[in-house]
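Asks: Per full-length UniProt numbering: the sequence shown ends with 391, consecutive numbering throughout.
Where a beta carbon is used, it is the ideal one built from N, C-alpha and C, also for glycine.
Everything numeric in this text was worked out from a predicted model, so none of it was measured.
Structure below; questions to follow.
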Amino acid sequence: MAARILVLNTGSSSIKYELIDVGSRERAARGLVERVGEEEGRLTHHAGDGRGRPYTCERAFPGHAEALAAVLEAFEKAGPELDPVAVGHRVVHGGTRFREAVLVDDGVIAAIEELAPLAPLHNPVNLAGVRVARDAFPGVPQVAVFDTAFHRTLPPEAYTYAVPGEWGVRRFGFHGTSCAYVSRRAAELLGRAPEETNLIVLHLGNGASATAIEGGRSVDTSMGLTPLEGLVMGTRSGDVDPALLGYLKRARGLDVEEAERALSRKGGLLALAGSGDMREVRRRAAGGDARARLALEVYTRRIRKYVGAYCALLGRVDAVVFTGGVGEHDAATRAGALAGMDRFGLALDAERNAADASGERFVSADGSATAVLVVPTDEEWEIARQALALL
């Protein structure tokens with residue numbers, strides 16, 4: 001049997017997984033568990049090249065442990081045989097301790113737990129995947145790949161908050177695993193070496209971030225100490241006035257923890273439009289829902305603000321790159337995010353952008369000084385690549 005790495009990408013409400021042949025990069029199996037923690041969940045499992053009929057399972061998955069148990073059940077029922085040489089895990093927050101991929105042991109688990117207050121929606125569920133995999137595959141190396149690691153190159157002027165130093169806080173940045181893969185692919189599509197390429201990467205999914213990449217190195221990013229800062233997201237507010245928490249305490253009687261949970265889980269598109277799913281927000285806006293229309297304007301305006309700032313910061317931008325579920329598939333979001341940016345040398349081709357296409361592609365106009373690309377992210381391969389390099 002070919003050597004294979006099982007990759008678990010455990011998100012806040014989903015689990016993506018792939019069994020990857022390390023020699024050929026082919027996927028022996030892949031799947032997705034959606035709507036974890038909701039009343040109606042769904043697992044879709046593809047064995048082999050994915051052309052056959054998938055194995056599906058529809059039921060509630062109360063937590064990630066139950067969802068991961070269903071993944072193992074899918075392999076048992078639909079194949080292929082699950083005998084990985086390693087299991088690679090996406091972990092959102094590595095703090096200052098984890099600047100590259102590491103082999104998981106009890107000390108690493110304890111350290112990731114200690115970082116959970118910085119990523120309360122993510123680190124605990126990432127650890128759930130690690131624990132279930134350790135039990136399922138005793139003796140198989142478990143590798144943690146950290147979203148924050150790509151941003152280890154942020155300069156002090158980018159990661160330093162203007163707050164008292166004794167607080168011991170700083171900016172970290174996230175979606176680094178996606179940025180690492182997407183920035184390499186974008187450079188290849190442009191025919192440039194990564195160290196000669198300046199990019200703005202817009203990872204737009206349920207979570208969303210913007211990253212300025214200069215010569216292959218992250219030099220600024222929209223997320224900060226936690227994944228709450230920056231762009232408007234599915235359920236996260238993004239940037240707000242820091243005094244908001246004090247005001248809510250005085251005026252509404254909300255304690256800090258309650259307000260922070262609301263900003264993380266009840267904010268963003270959910271707060272603005274009543275749904276955190278961009279597809280549903282689009283549907284409501286098309287039906288005349290004024291809240292949904294405003295939500296879309298707030299969402300795209302925030303992106304434009306960051307793109308403009310990063311154009312100024314980088315000076316020369318070779319490409320703006322869209323990735324993530326919304327970035328890859330929502331042409332209207334791409335158009336809204338770059339509306340009025342022609343003066344910065346950023347021009348979309350309306351026909352290319354609106355085309356019913358998938359995969360890597362240019363969507364910029366022929367005369368655009370800066371390319372606009374869509375590059376589907378492949379966090380799973382990036383995790384497998386880093387795990388293989390470590391092993």
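Assuming residue 143 contacts residue 212 under a Cβ cut-off of 8 Å, what Cβ separation, rounded to an integer in Å, is found between them?
Replies: By 1-based counting over the sequence shown, the position of residue 143 is 143. By 1-based counting over the sequence shown, the position of residue 212 is 212. Contact doesn't hold; Cβ gap of about 28 Å is too wide.
Asks: Which complete alpha helix (DSSP H) runs does the region 300-333 hold, if anything under 4 residues is left out?
Replies: List check, alpha helix (DSSP H) in window: 324-329.
Asks: Could you check what DSSP says for residue 206 in three-state terms: helix, strand or coil?
Replies: Your numbering for residue 206 matches position 206 in the sequence shown. In this structure, residue 206 counts as coil in the three-state DSSP scheme.
Asks: Taking Cβ positions only, does residue 18 come closer than 8 Å to chain D?
Replies: This model lacks chain D altogether; it includes just one protein chain.
Asks: Determine the direct distance from the alpha carbon of residue 102 to that of residue 130, and round the result to whole angstroms.
Replies: For the purposes of this step, residue 130 is identified with residue 130 of the sequence shown, where counting begins at 1. For the purposes of this step, residue 102 is identified with residue 102 of the sequence shown, where counting begins at 1. Approximately 13 Å, taken between the alpha carbons.
Asks: Hey, out of 332, 353, 317, whose CA is closest to residue 344's CA?
Replies: Position 344 of the sequence shown, counted from the first residue, corresponds to residue 344. Residue 317 is the option with its Cα nearest to residue 344.
Asks: Start and end of the alpha helix (DSSP H) containing residue 175?
Replies: For the purposes of this step, residue 175 is taken as the residue at position 175 of the sequence shown. Per DSSP, residue 175 belongs to no alpha helix (DSSP H) and is neither H nor E.
Asks: Leaving out five residues on either side along the sequence, give the residues of the same chain with a beta carbon under 6 Å from the beta carbon of residue 331.
Replies: Here residue 331 corresponds to residue number 331 of the sequence shown, with the count starting at 1. These residues qualify, in order along the chain: 353, 354.
Asks: Quick test of your reading: residue 48 and residue 205, contact by CB under 8 Å. State the CB separation rounded to the nearest angstrom.
Replies: Position 48 of the sequence shown, counting from 1, holds the residue named residue 48. Position 205 of the sequence shown, counting from 1, holds the residue named residue 205. Not quite, the Cβ-Cβ distance comes to about 27 Å (not below 8 Å), so this is no contact.
Asks: I believe residue 42 touches residue 22 by the beta-carbon criterion, under 8 Å. Please report the beta-carbon distance rounded to the nearest angstrom.
Replies: For this step, residue 42 is matched to residue 42 along the sequence shown. For this step, residue 22 is matched to residue 22 along the sequence shown. Going by Cβ atoms, the distance from residue 42 to residue 22 rounds to 29 Å, so no, they are not a contact pair.
Asks: Under three-state DSSP, which class holds residue 373?
Replies: Working through the sequence shown from its first residue, we reach residue 373 at position 373. Correct three-state label for residue 373: strand.
Asks: Does the distance from the CB of residue 245 to the CB of residue 256 come in under 8 Å?
Replies: Position 245 of the sequence shown, counting from 1, holds the residue named residue 245. Position 256 of the sequence shown, counting from 1, holds the residue named residue 256. Contact flag set, yes.
Asks: Beta-carbon separation of residue 7 and residue 328 under 8 Å?
Replies: What you label residue 7 is simply residue 7 of the sequence shown in a count that begins at 1. What you label residue 328 is simply residue 328 of the sequence shown in a count that begins at 1. Not in contact: residue 7 and residue 328 (Cβ atoms no closer than 8 Å).
Asks: Excluding five sequence neighbours on each side, which residues of the same chain lie with their C-beta closer than 7 Å to the C-beta of residue 302?
Replies: The residue labelled residue 302 in the question sits at position 302 within the sequence shown. 231, 232, 238, listed in sequence order.
Asks: If we count Cβ pairs, one from each stretch, closer than 8 Å, do we get three or more for the region 293-312 versus the region 183-192?
Replies: They do not touch, by the three-pair rule.
Asks: With 16 as the cutoff for other CB atoms within 10 Å, does residue 120 come out buried or exposed?
Replies: Translated into the one-based positions of the sequence shown, residue 120 becomes position 120. Its Cβ being crowded by 16 or more others within 10 Å, residue 120 is buried.
Asks: In chain order, which continuous runs of the beta strand (DSSP E) of length 3 or greater are located wholly inside the region 12-45?
Replies: Those beta strand (DSSP E) runs which fall completely within the region 12-45 and span 3+ residues are 15-21, 27-34.
Asks: With a 10 Å radius around its C-beta and 16 neighbouring C-beta atoms as the bar for buried, classify residue 294 as buried or exposed.
Replies: Position 294 of the sequence shown, counted from the first residue, corresponds to residue 294. It counts as exposed.
Asks: Going by the C-beta, is residue 250 closer than 7 Å to any heavy atom of the ligand SAM?
Replies: Absent from the structure shown: the ligand SAM. Ligands present: none.
Asks: Within this structure, are the beta carbons of residue 104 and residue 123 separated by less than 8 Å?
Replies: As a position in the sequence shown, residue 104 is number 104, starting the count at 1. As a position in the sequence shown, residue 123 is number 123, starting the count at 1. No.
Asks: Identify, in the order they occur along the chain, each residue of the same chain with its Cβ nearer than 6 Å to the Cβ of residue 150, setting aside the five sequence neighbours on each side.
Replies: Residue mapping note: residue 150 aligns to position 150 of the sequence shown, counting from 1. So the list reads 176, 179, 180, 218, once near-sequence residues are dropped.
Asks: Give me the Cα-Cα distance between residue 236 and residue 125, rounded to the nearest whole angstrom.
Replies: By 1-based counting over the sequence shown, the position of residue 236 is 236. By 1-based counting over the sequence shown, the position of residue 125 is 125. Cα to Cα, residue 236 sits roughly 17 Å from residue 125.
Asks: How big is the Cα-Cα spacing for residue 73 and residue 281?
Replies: Here residue 73 corresponds to residue number 73 of the sequence shown, with the count starting at 1. Here residue 281 corresponds to residue number 281 of the sequence shown, with the count starting at 1. In a straight line, the C-alpha of residue 73 is about 34 Å away from that of residue 281.
Asks: Of all the options 222, 65, 197, 154, which has the alpha carbon lying nearest to the alpha carbon of residue 209?
Replies: Here the question's residue 209 lines up with position 209 in the sequence shown. Of the candidates 222, 65, 197, 154, the one whose C-alpha sits nearest the C-alpha of residue 209 is 222.
Asks: For the candidate residues 185, 215, 184, 322, whose alpha-carbon lies nearest to that of residue 197?
Replies: In the sequence shown, the residue the question calls residue 197 occupies position 197. Ranking the options by Cα distance to residue 197, first place goes to 215.
Asks: Check the DSSP bridge columns for residue 346 and list the partner residues they point to.
Replies: The sequence position of residue 346 within the sequence shown is 346, counting from 1. In DSSP, residue 346 forms a bridge with 370.
Asks: From this set, 270, 391, 199, which residue's C-alpha is nearest residue 315's C-alpha?
Replies: As a first step, residue 315 must be located in the sequence shown, where it is residue number 315. Residue 199 is the option with its Cα nearest to residue 315.
Asks: Thinking residue 367 and residue 347 are a contact (beta carbons under 8 Å), I'd like their distance in whole angstroms, please.
Replies: Walking along the sequence shown from the start, residue 367 turns up at place 367. Walking along the sequence shown from the start, residue 347 turns up at place 347. That pair is a contact at about 7 Å.
Asks: So, helix, strand or coil for residue 191, using DSSP?
Replies: Translated into positions along the sequence shown, residue 191 becomes position 191. If DSSP states are grouped into helix, strand and coil, residue 191 belongs with coil.
Asks: For residue 60, does the three-state DSSP call read helix, strand or coil?
Replies: Stepping through the sequence shown from its first residue, residue 60 is reached at position 60. The answer is coil: DSSP assigns residue 60 none of H, G, I, E or B.
Asks: Give me the residue from 111, 234, 88, 106 with the minimum Cα distance to residue 98.
Replies: Position 98 of the sequence shown, counting from 1, holds the residue named residue 98. Cα-wise, what sits closest to residue 98 is 111.
Asks: Residue 40 to residue 225, Cα distance in whole Å?
Replies: Here residue 40 corresponds to residue number 40 of the sequence shown, with the count starting at 1. Here residue 225 corresponds to residue number 225 of the sequence shown, with the count starting at 1. Looking at the two C-alpha atoms, the distance is approximately 33 Å.
Asks: How big is the Cα-Cα spacing for residue 106 and residue 60?
Replies: Taking the first residue of the sequence shown as 1, we reach residue 106 at position 106. Taking the first residue of the sequence shown as 1, we reach residue 60 at position 60. Each residue's Cα considered, the two are about 31 Å apart.
Asks: Give me the residue from 319, 339, 89 with the minimum Cα distance to residue 362.
Replies: Within the sequence shown, residue 362 is the residue found at index 362, counting from 1. Selected option, being the one with the closest Cα: 319.
Asks: Taking the beta strand (DSSP E) that residue 220 falls in, what are its first and last residues?
Replies: Here residue 220 refers to the residue found at position 220 of the sequence shown. Residue 220 -> beta strand (DSSP E) spans 217-221.
Asks: For residue 67, which residues from the same chain have a beta carbon less than 8 Å from its beta carbon, with the 5 sequence-adjacent residues on both sides left out?
Replies: Translated into the one-based positions of the sequence shown, residue 67 becomes position 67. The residues are 15, 33, 36, 41, 43, 61.
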